[in-house]
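J.: I have a structure here, written as structure tokens, and I will follow up with some questions on it.
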Amino acid sequence: METPSWWDQFSELVKEATGFTPPVVQGVDIPVASQYAITSLEALRILGKRISLTEDEIWETLEMVDEAMFNYYALKAMRQVQRSGTPILYREAEDPVQVRIPILTVRKLMSYPLEKPSYLDNSVVHLVGIIPVLLSERIDEVNMNLENGLWKSLYGLNTPPGKYKWVWDLGWASLIELLN
88 METPSWWDQF SELVKEATGF TPPVVQGVDI PVASQYAITS LEALRILGKR
138 ISLTEDEIWE TLEMVDEAMF NYYALKAMRQ VQRSGTPILY REAEDPVQVR
188 IPILTVRKLM SYPLEKPSYL DNSVVHLVGI IPVLLSERID EVNMNLENGL
238 WKSLYGLNTP PGKYKWVWDL GWASLIELLN
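According to the working numbering, the sequence shown is numbered sequentially starting from 88.
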């Protein structure tokens, strides 16, 4: 796979923060949010060994870079999962809730740029918040259809029948297939 689209900006921000350029780490074809979280951490850990950064300094640098590059609050949850190694339900300004979910094998099929939702009110916001809770309890066709229906209502995104679901992906939506 080629160098990720976000790499140049990431590399520039890391150099600005540390004085050093991180090593290029090739991304894999997974949703961009996951690719960024995994690859940027790997690059910072490699650089950290080279320039003697502590683990805390690596995480602090990532926090600054994440905030400068993307929707920081969404990435903050991903970073917390990476750091703890535990799946969580996360809401800003609240304590995370640990959940037990099976390890999923997925395949990214496509990504679609997101625009402003076509409709949004308090009931939809509540549904957006409750769907991760439902999926943490049971990843099944009913809960996936509920979430996919929301993607259809808000963004007009169709989902093929089967074990497919849309996932948020840093300003995009990526369609993934659940393989297990």
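We put the CB at the ideal spot given by N, CA and C, even for glycine.
1. What's the gap between the Cα of Leu-237 and the Cα of Asp-153?
2. Alpha carbons only, please: which of Pro-118, Glu-202, Thr-141 and Thr-126 is nearest the one belonging to Asp-95?
3. Could you tell me the distance, in whole angstroms, from the CA atom of Glu-247 to the CA atom of Gly-258?
4. Take Leu-244 and list the residues in its own chain whose beta-carbon comes closer than 7 Å to its own, dropping the five residues that flank it on each side.
5. Per DSSP, Ala-260 forms a beta bridge with which residues?
6. Tell me the DSSP secondary structure of Val-168 in three-state form.
7. Under 7 Å, do Asn-230 and Leu-241 count as touching if we go by C-beta distance?
8. Determine the extent of the alpha helix (DSSP H) in which Ala-104 is found, giving its start and end residues.
9. Since I believe Ile-175 is in contact with Ala-164 (beta carbons under 8 Å), could you give me their beta-carbon distance rounded to a whole number of angstroms?
10. Can you tell which of Val-168, Thr-105 and Pro-118 has its C-alpha closest to the C-alpha of Thr-141?
11. Quick check for students: name the residue ranges of the beta strand (DSSP E) that lie wholly in the region 173 to 235, counting only runs of 3 or more.
12. Starting from the Cα of Leu-131, find the closest Cα among Thr-148, Val-115 and Val-119 and give me that residue.
13. Please report the residue range of the alpha helix (DSSP H) in which Val-152 lies.
14. Evaluate Phe-335 with the Cβ neighbour count: other Cβ atoms within 10 Å of its Cβ, from every protein chain shown; 16 or more gives buried, anything less gives exposed.
15. Under 8 Å Cβ to Cβ from Ser-205, same chain only, skipping five residues before and after it: list those, please.
16. Please state if the CB of Leu-265 and the CB of Val-75 are separated by a distance shorter than 7 Å.
17. Which one of Pro-110, Leu-100, Arg-225 and Asn-209 has the shortest CA to CA distance from Pro-189?
18. Within this structure, are the beta carbons of Val-101 and Pro-109 separated by less than 7 Å?
19. To the nearest angstrom, how far is the alpha carbon of Val-119 from that of Trp-255?
T.: Let's see:
1. One alpha carbon belongs to Leu-237, the other to Asp-153, and they sit about 27 Å apart.
2. Comparing Cα-Cα distances from Asp-95 to each of Pro-118, Glu-202, Thr-141 and Thr-126, the minimum goes to Thr-126.
3. One point to set straight first is that residue 247 is Pro, not Glu, in the sequence displayed. The C-alpha of Gly-258 is placed about 22 Å away from the C-alpha of Pro-247.
4. Counting only Cβ-Cβ distances below 7 Å, and skipping sequence neighbours, we find Tyr-199, Trp-238, Trp-253 and Ala-260.
5. Ala-260 is bridged to Tyr-199 and Trp-255.
6. The DSSP-derived three-state label of Val-168 is helix.
7. No.
8. Segment 94 to 105, the alpha helix (DSSP H) holding Ala-104.
9. About 7 Å separates the two Cβ atoms, so the contact holds.
10. The residue from Val-168, Thr-105 and Pro-118 with its alpha-carbon nearest to that of Thr-141 is Thr-105.
11. Those beta strand (DSSP E) runs which fall completely within the region 173 to 235 and span 3+ residues are 193 to 200.
12. For Leu-131, the closest of Thr-148, Val-115 and Val-119 by C-alpha to C-alpha distance is Thr-148.
13. Element bounds for Val-152: 142 to 156.
14. No information on residue 335 is available, as it lies outside the stretch 88 to 267 that the chain covers here.
15. These residues qualify, in order along the chain: Ser-240, Leu-241, Tyr-242 and Gly-243.
16. Past the edges of the chain, shown from 88 to 267, lies residue 75, and the structure says nothing about it.
17. For Pro-189, the nearest C-alpha among the options comes from Arg-225.
18. Pro-109 is positioned such that its CB atom lies closer than 7 Å to that of Val-101.
19. If you take the alpha carbons of Val-119 and Trp-255, they lie about 9 Å apart.
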